[in-house]
Structures are given as structure tokens and as C-alpha cells.
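Heads up: the sequence lines are chains A and B, in that order.
When the count follows our numbering, it moves up by one through the first sequence with no breaks and lands on 383 for the last residue.
When the count follows our numbering, it moves up by one through the second sequence with no breaks and lands on 328 for the last residue.
Using N, Cα and C, we set each Cβ at its ideal position, and we do this for glycine too.
None of the values given here were measured: they were computed from a predicted structure.
To keep things clear, I will list the structure first and then write my remarks on it.
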Amino acid sequence: MTALTTRLPARFLPVLATVVLFVITFGAGSLRYDGFASGQVIANLFIDNAFLIVLAAGMTFVILSGGIDLSVGSVVALSTMVTAAGLRAGWPVPLVIIAVLLIGSTLGLLMGVVIHKFDIQPFIVTLAGMFLARGLCFLISVESVSIKDATFREVATAVIELPGGVTITYNVVIALLVVLAALYVLHRTRFGRTVYAVGGNEQSALLMGLPTARTKVGVYVISGFCSALAGLLFSLYMLSGYGLHAVGMELDAIAAVVIGGTLLAGGLGYVLGSLAGVLVLGTIQTLISFQGTLSSWWTKIVIGALLLVFIAVQRGMIRGRRRQAAVAS
Amino acid sequence: MKNRLLWPILALVALLLLNLVVTPSFFALRIQDGHLYGGLVDVLKNGAPTLLIAIGMTLVIATRGIDLSVGAVAAIAAAVTCVHIGTSPDAGTALAGMAIALVLCAALGLWNGFLVAGLGIQPIIATLVLMTAGRGIAMLVTEGQIITVNNDAYRQVGAGFVVLPVSILISLAVLGLVALTTRKTALGMLIEAVGVNPEASRLAGVRSRTIIWTVYVFAAVCAGIAGLMISSNVSAADANSNGLWIEMDAILAVVIGGTSLAGGRYSLTGTLLGSLIIQTLTTTVYTIGVAAEVTLVFKAVVVITVCLIQSPKARAALSFRKVAVS
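The structure is reproduced here in C-alpha cells:
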């Protein structure tokens, strides 16, 4: 164990803890229920949470930079609405996709600019964004709009056969591509390094000559883009657009990021952790549905408890590091 | 101070005038069976829970905190009381149920205070825990059902009248009480001191932690009473929808009223104005005949406008332009 801890830097520990937690919850499920440990159950974890994976990836950027984005759930709803309404009006599918991604990114850009230019808390600006996006949904239609477009339905129901008889949807492929792209941007580009730097200490980043303004606005554009993309995946999943879709999904995304070990103060965390966080949340839901007698609200209570544990652990880590720093100096 | 409240006042007056144009009878008040009815009374009655939660939120925000769990706490209070009352029409049972609910809310507030002041966790995240788990707890209490009660004593809290609606009288009484205790004693200044710099105030001999615990407990109790009002108004507890998004409305009311989210200064008058603006906005959208859900768009516009007006950077940019023009 000591060999492991000396080889692994302490910053990887929260992510490792999440992965271990995922293995434990999944293992417990497989021991307890027949048919839990099948490849398809794992594949379903990805299928049912593809949109949440994309959202959590975008949210990771924002939280790493020290901000927060409450608008993501509403932007998902708006995207499903624009998709459904656009297709109903007879727009071609590519045009709908471009329109949705543009709307999401523009909303993100607007929020980022207001946050940075006018120095207003991200919390309140994205709260306004949340209201705006949800209100716009209802401006388009108060009712749920179903998607009847043939091409769209074909993509939604198409499955990819994996070896072992396991099937996944295109949603899963897109979600995993987003995670890969996020990994690349965060760890292999200048922008990614700046996100970490701004989250660690904005003043220092600024004094080092890093483009903090562009980065701070950029993370909200990324989050807006990811929300729109997640909205597209969600409309593929639900095959309808509705203003009450994805209510409270921003909390799930934030919870996944936090459980994934990302520090809410910014500057520390990994996209892979957020992916593991989403999988943990998904496994808990699967466990509760397999159990059968436990009601759905237990999911919320368990997620709340998990959040608490991870926050407490993070808190302990920060205190530990401060003590080490104090001893070293 | 006057200057800071000028914009909220103007916004409220503009909204009220708009209502007058759309429905000329908006300001008409009439007395029926000793109860006061009218458009303004409706605004006050429907705005009472938000106002009450916003008062608690004002003090929390003044200490540089935030409480996201108030909506869930309101749902828990409603659930506990209605489950305790059950089918009993007895006034005593109603009172006991409310007392149990409020004690529980105080305990939840203690929990939030423990996470923030005891463990030193960021308030947004600390209260996010209860926001997520709280609704689950409320559903656990009601077993996922909507609990309807038929209890006259309980109905009084949210739907009763003593000339004015009882709910708004409760909210205004709490507002008056808080204004007296924080502005006539040093408590308000101590709260602001904690908001400016908790560490410095602690070193200066202020009991920062105790103050932070107190404001979270107070916010939770306010949320509990608001939850009772909401559920008593319809004589039912719905763990899913009671107090949903009310934390956002309350935070908006506080921010519109000029209290800075950065902590360190607060205005109770501002919060009162902010709550009235939000409720009048909702009522206006109803009376104009736009779909109720579209209120959200107007809320977004109001929030951003008010925040921009209050932002020093936006002001600086504006005044710079004025100078350049002249």
C-alpha cells in the first residue's frame, strides 16, 4: 500500500477513490443479484447516462476554473425543444444539429462575457441563464413535442454490436468521444493548462501573463456547447422536446463532478473522475431498480450522502496539505 | 443607502403601473366578511413564503454564505406536519405537528451550520447536500404520496385572514423582528463583520462560528414556516413540488434588493422590495395572459438588468461613456 501511495501523487487519490467506489457498488450488485454483472448492464449504464457524461465533462471545465454553471439542465431542455420544433417545422437534421449547438454555445458565451466583463458571480449569472433557457422552451411550446423525423428516429434506435452480444447506441460513442476530447484539451493544450492555472489562483495566472479572460469565458462556451450536445443526445434518448425535461439535471452533473474528485474551489480534478462519478450515480440507480422494493427517492438520499462523504474527504485533504506545507516551511 | 434602493423601487413602481394599465381594477380593495381582497392583497399573500425565506437568506448571504436547501427544508416541514395531522381535525394535533416540524427544521439548520462553520465547507456545496437529499427525505416521510389534510387550525397559517392574510402578517412580523434585533443591537453589524472577514472578526473577539450557526438555523426555521404556509394554503403536502425553486426566487429577491452575494452588507428593506418585485412580476405575467411558464424569461431579464445596474464595473463603463460623449 505504501508503495502504491508513494508512486501515485496525492492528487490522483480522489479519482482513485471514486473508481474503487464504483467497483465496490458494482461488485456488491453482482454478488447480490443474478444477471447484474453482465456486459449489457454495464453498456446500459453508458446508454442511460450518455447525456450526463457529456454534461459532466463540460461542467468539469467550469468547476476546474473555479466557477459553476447552473444553466446546464435548462439548456438541455431548450436543446430538446429546438430539436423537436425544428424537425416538426421540416428543417433538415444537420441544420437542426448546427442550430442547437450554436444556441448552446452562444448562451454559454453570453454568460461567460457577463461573468467576466461585469464581475458578477457565476452563480447568479448562470441562475439567470437557467431561467432564460427554461422560459425560452415554453415560448416555443408549453406542450411536449414528439419527434417523428425518420432519420432522427433511425439514429436513435440504431445499435452497434460489440463482441459478446452487447449492444450500445451511437449516444455512447459520442459521449466517449467527448470525454476523449476533454482529456486532450485539458492535458495537452495551452487552454487546458490555463484552466487549471486560473482555478488554482486567478491572480497568479494573470500576473504570469496567461490569457485569463479568454479562458474564463471559454469554459462557459465549452459548458454551453456540451449542454447543447447533451440536449441532442437527450432528444435521441427521449424522442421528444419538452420544457420540463432535465429538471434538476444540473445538480446531477455537479454531484457527478464532485463525487469524481474535482475540487469545487477549482484547480484540481480530472475528466475521468467525472466519468467515474456519473457511473457511480448510474450504478446506484441500477441497484435501486434491481432491488425493486426500495423507492426511487432513496437514490436522492444516497447521492446526498455520497456528496457529503466526498466533500468531507476533500476537506480533510486540503487541511492535510496545508499542514504539510506548514511543516515544510 | 437611498440610492441603492432607488432602482428596485423604480422597478416595482413600473411593474405596478403596468398592472394598472392592463387591469384598471388592480388597485381596487374591497372588504368582504371582514377580509381585505384585491390585486395588491393577492401579491402580498402569494409572496409571503418567498419573503419569509428571503429574510432568512438575507442574513445567510450577509455572512458570505448561501443556503440552497431551503426549498427541500420547506418540503420536509410540510410533509412532517401533514403526516402528523393525518385525518385529525384537532387544533392541538395541528399545533403539535407544526412544532415538531419546526424543531426538525432547526435541527436541519444546525446540520448546515455544522458543515459550514464546523467543517469549513463552501456554503454552496454544504447546502447542496441537503438540497439533494432533503427532497428524498420529504418523500420518505410522505412515502411518495400527496398527503391531504382537513384541519381548520392548520388552514389558518396559509389561507386564513385577520383582515389581511395571516401568512403575510407572519412574514411581516418576522421581518420587523429581524429588523429590530439586528439593527437596534450590534448583531447586524457583527453579521456583516463576519461576512467581510470571518477570520479577522474572530480575532477581534466576534464569535464568528456561533453567528454562522445561528443564521443557518434561522434560515431553516424561516424555510420551515414558509413550507407550512405553502402546504396549508392547499391543505396538502407534496414532497415533489412544495417549495420547488423557491430557494432560487429567494436568492433573486435578496440580490435584487441590493444585498451583495460577496457578503458583508445587507438590506432587509431591499429584500422586502425584491420579494415584492418577483411576486408582482409573476402576477403581472398572469394578468397579461402570457403562459405562466414564460415568467422565467422575464425573471432572467430582471435579474441580469438589476445585477448589471449594481455591478461597479458596468457602472464604470456607463459613466465612462457619458464622459466621452460630453
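Legend entry - Contact list for the stretch 130–157 of chain B against chain A, Cβ threshold 9 Å: LEU130, VAL131, LEU132, MET133, THR134, ALA135, GLY136, ARG137, GLY138, ILE139, ALA140, MET141, LEU142, GLU145 and GLY146
Legend entry - Paired residues, beta bridge with ARG32/B - DSSP: TYR39/B
Inset, instruction - Take every Cβ of the stretch 359–373 of chain A, pair it with every Cβ of the stretch 117–125 of chain B, and state whether three or more of those distances are shorter than 8 Å. - result: yes
Legend entry - Buried versus exposed, by CB contacts within 10 Å (16 or more), MET191/B: exposed
Legend entry - Assigned secondary structure, ILE222/A (DSSP; H/G/I helix, E/B strand, else coil): strand
Inset, instruction - Pull up the distance between the alpha-carbon of MET3/B and that of ALA64/B, whole angstroms please. - result: Any reading at MET3/B must be qualified, since the residue scores a pLDDT of 46, below 50, and its modelled position is unreliable; the value itself is stated next. Roughly 16 Å between the two C-alpha positions.
Legend entry - Sufficient close CB pairs (3 or more, under 8 Å) joining the stretch 145–162 of chain A to the stretch 230–241 of chain B: no
Inset, instruction - Find out if the Cβ-Cβ distance for the pair ALA236/A, ILE107/A is shorter than 7 Å. - result: no
Inset, instruction - Measure the alpha-carbon distance for THR56/A versus GLY327/A and round it to whole angstroms. - result: Caution is warranted here: a pLDDT of 49 is assigned to THR56/A, below 50, making its placement in the model unreliable, and the coordinate value is therefore given only provisionally. Going from the Cα of THR56/A to the Cα of GLY327/A covers about 22 Å.
Inset, instruction - Pick helix, strand or coil for ALA109/B, following the three-state DSSP scheme. - result: helix
Inset, instruction - Please find out if some non-hydrogen atom of the ligand ADP comes closer than 6 Å to the beta-carbon of LEU274/B. - result: With respect to the ligand ADP, the structure offers nothing, as it holds no ligand at all.
Legend entry - Outcome for GLU215/A when other beta-carbon atoms lying within 10 angstroms are tallied against a minimum of 16: exposed
Inset, instruction - Determine the DSSP secondary structure at LEU335/A, reduced to helix, strand or coil. - result: helix
Inset, instruction - Using beta-carbon positions only, say whether VAL273/A and VAL130/A come within less than 7 Å of one another. - result: no
Legend entry - Minimum Cβ-Cβ distance from LEU320/B to chain A less than 7 Å: no
Legend entry - Counted within 10 angstroms of its Cβ, other Cβ atoms place THR273/B as buried (16 or more) or exposed: buried
Legend entry - Sequence-distant residues of its chain with Cβ nearer than 6 Å to LEU264/A (five each side left out): THR248 and ALA251
Legend entry - Check whether LEU329/A and VAL226/A have beta carbons under 7 Å apart: no
Inset, instruction - Go ahead and pull the three-state DSSP assignment for GLY136/B. - result: helix
Inset, instruction - With 7 Å as the threshold, decide whether the Cβ of GLY189/A is near any Cβ in chain B. - result: yes
Legend entry - CA-to-CA distance, LEU263/B to ALA316/B, given in whole angstroms: 17 Å
Inset, instruction - Hey, could you find the ends of the beta strand (DSSP E) GLU215/A is sitting in? - result: 213–216
Inset, instruction - Would you please verify whether the beta carbon of GLN281/B is less than 7 Å from any beta carbon of chain A? - result: no
Inset, instruction - Tell me, to the nearest whole angstrom, how far the beta carbon of GLY285/A is from that of THR134/A; I am working on the premise that it is less than 8 Å. - result: 5 Å
Inset, instruction - Check whether the Cβ of LYS354/A lies closer than 7 Å to any Cβ atom in chain B. - result: yes
Inset, instruction - Taking 8 Å as the threshold, find out whether the stretch 273–283 of chain B comes into contact with the stretch 298–305 of chain B through three or more Cβ pairs. - result: yes
Inset, instruction - Pick out the complete alpha helix (DSSP H) segments inside the stretch 84–143 of chain A, 4 residues or longer, and give them in chain order. - result: 93–118 and 126–142
Inset, instruction - Give the straight-line distance between the Cα atoms of ARG185/B and THR144/B, rounded to the nearest whole angstrom. - result: 40 Å
Inset, instruction - Using 10 angstroms around the beta-carbon of VAL325/A, count the other beta-carbons present and answer buried if the total reaches 16, otherwise exposed. - result: buried
Inset, instruction - Please state if the CB of ALA108/B and the CB of ASN244/B are separated by a distance shorter than 7 Å. - result: no
Legend entry - Cβ-based burial, LYS47/B [other Cβ within 10 Å; buried from 16]: buried
Legend entry - DSSP three-state assignment for ALA239/B, whether helix, strand or coil: strand
Inset, instruction - Report the rounded CA-to-CA distance for PHE116/B versus VAL82/B, giving the unit in angstroms. - result: 23 Å
Inset, instruction - Using a Cβ cut-off of 7 Å (strictly closer), state whether SER124/B contacts chain A. - result: The sequence shown places Gln at residue 124/B, not Ser. By this cut-off, GLN124/B is an interface position.
Inset, instruction - Step through the CB atoms of chain A and report whether any lies within less than 7 Å of the CB of ALA56/B. - result: no
Inset, instruction - Would you mind stating whether ALA282/A and GLY158/A have Cβ atoms separated by less than 7 Å? - result: yes
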